[in-house]
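Shown next, in C-alpha cells, is the structure this report addresses.
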Amino acid sequence: MKITKIAALSLAAVMGIGMLAGCGETPAENTNSTSSGSGGGTYAFVAKDVQNPYMQKVYDGFKEACDAVGAEALYKGPEAATPEKQIEIINQLTAQGVAGIAIAANDENALQPALQEAMDAGIPVISLDSAVNKDSRMTHIQQADPEKIGRGLIQAAYEMVDGNGGIAILSAASTATNQNLWIEWMQKELEENPEKYASTPLVKIAYGDDDPTKSTSETQALLQNADVKVIIAPTTVGMLAAGKVLQDKQSDVKLTGLGLPSEMAPFIEDGTCPWMYLWNPVDIGYLAGYTMDALVKGEITGAEGETFTAGDLGEKTITAAADEGTEVMLGDPFKFDPENIAEWKEIY
Ligand code: RAM
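Per numbering that gives the first Met the number 0, residue 0 is the first one in the sequence shown, and the count goes up by one each step.
Below, the structure is given as C-alpha cells:
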C-alpha cells in the first residue's frame, strides 16, 4: 500500500473544503473483536464495464486487500456499461457460490432482484463507486461526499469562464447512480445561487455511456452549440475523450471534471483542462476489499456505527447514507492542477 500511503500523507489539495479529520465514533458493541465466521473464499468484483481503465485501478486495490486477507479476488464485468449484463453476472456468481460480491452499479434499482437473491443465499453484497439502492446492498463504499463533488465542479466551471459562458455536462450512462447524484448536486448549486450563475447557465447534459467513441461524438455535438464555453465531465472516460476533441480542435472551450491524472496530464499541462478532481481509485477498491472481508467474517453487518480496520487505511466507521442505507466514506476529492500533476500522473 505504499502508493496510497504517500497519497494520504501528501493530500492537502482538496476541494477547498477542509479534509475530514479521522474517524471519531466509538466502536459499536458486539462488533470488532468477536469475529464469528472465517474469511477467505472468492470475493467477486463486478465492474461497470471491463473496458474502463478506472475500473481496473479500483480492482487493483480490491485485489491487494484480498491478497492481504487471504481471499481470492475475481474480476468480472460487462463489455459495455449496462445493467442487463451485470444481472447475468450476478446470477452466475450466486450460482457459483462466491463468498462475497462488490459491484459498481450501472443502475440503482435494476439489479435488486439478483442482488437480493445473492444475499438470501448468504452472500454479502456491497456496492462501490456507483451505488445500488439500500435494499440491494449491505453497505456502500463512497469515494467522497457527492455534494462536495457536484457543487465543486460547478464552482470550478464558473471560475474557468470568469462567470460568463454556458456549461455543458458530458456524463457516463444515463442510469449511472454516481454521475446522476453528482449532477443533482450540480443542479442544486446552480438553482440555489441564481444571481451568481445568471450568466453561466447549464445548456445541456449529454451521455457518453463511458464509451470512448460515443463520448467523442457527444463532445463534438456539444461544440456545435456556440453557447457552450465549458464542459464538465464527471467521468474519467468522458474527460479523456473530451480532452482529445478540444485539443484536436484547439478549442477555447474549457474542460473540468473527474479525470485520471495519468490520462489527463497532457491536457492539464497545455491548459485544455485548467484543473480537475478525483480520489484515489486504488484506495476505493482496497477499502471495498477490507469491508467485504469484515462482512464475510461476520465482524460487521453493514449497520450504522459499526467499525472495522481497513488495512493501511486504518479504522473506518459505517455511517448513514443519504439514501437511508449505510456507507463507508473514503475521504475528500483531491484537486489536480499544473502544480501537482507531474507528481500524480505517475501514481494513478
Ligand atoms: C468513470 C466511471 C466511474 C467514475 C469515474 C469518475 O471511470 O464512470 O464510475 O467514478 O469515472
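Think of the CB as a built atom: it goes at the ideal place given N, C-alpha and C, for glycine as much as any other residue.
For residue 224, which residues of its own chain have a beta-carbon under 8 angstroms away from its beta-carbon, when the five flanking residues on both sides are left out?
165, 167, 202 and 203
Under 8 angstroms, do residue 214 and residue 240 count as touching if we go by C-beta distance?
yes
Exposed or buried, what is residue 299 when buried is set at 16 or more other beta-carbons lying within 10 Å of its beta-carbon?
buried
Check residue 118 in the structure and name its three-state DSSP category.
helix
One question on the structure: do residue 105 and residue 156 come within less than 8 angstroms of each other, judged by their Cβ atoms?
no
Beta-carbon proximity check, residue 183 vs residue 149, cutoff 8 angstroms:
yes
Quick one, which of 288, 196 and 233 has its alpha-carbon nearest residue 176's?
233
What's the C-alpha gap between residue 230 and residue 77?
28 angstroms
Candidates 96, 83 and 123: which alpha carbon is nearest residue 107's?
83
Residue 171: beta carbon under 7 angstroms from a heavy atom of the ligand RAM?
yes
Smallest Cα separation from residue 47: which of 113, 132, 174 and 227?
174
Among 88, 131, 129 and 137, whose alpha-carbon lies nearest the alpha-carbon of residue 122?
137
Short Cβ contact (8 angstroms threshold) for residue 56 with residue 280
yes
Is it buried or exposed, residue 314, if we count other Cβ atoms within 10 angstroms and call 16 or more buried?
exposed
Hey, which residues come within less than 7 angstroms of the ligand RAM, measuring from Cβ to any heavy atom, in chain order?
47, 51, 53, 54, 103, 128, 129, 142, 171, 175, 177, 178, 209, 233, 234, 235, 236, 257 and 277
Given a cut-off of 8 angstroms, decide if residue 69 and residue 285 are closer than it, judged by their beta-carbon atoms.
no
Which partner residues does residue 124 have in the DSSP bridge list?
100
Nearest candidate by alpha-carbon position, reference residue 191, set 153, 163 and 212
153
Taking 8 angstroms as the threshold (C-beta atoms), are residue 259 and residue 347 in contact?
yes
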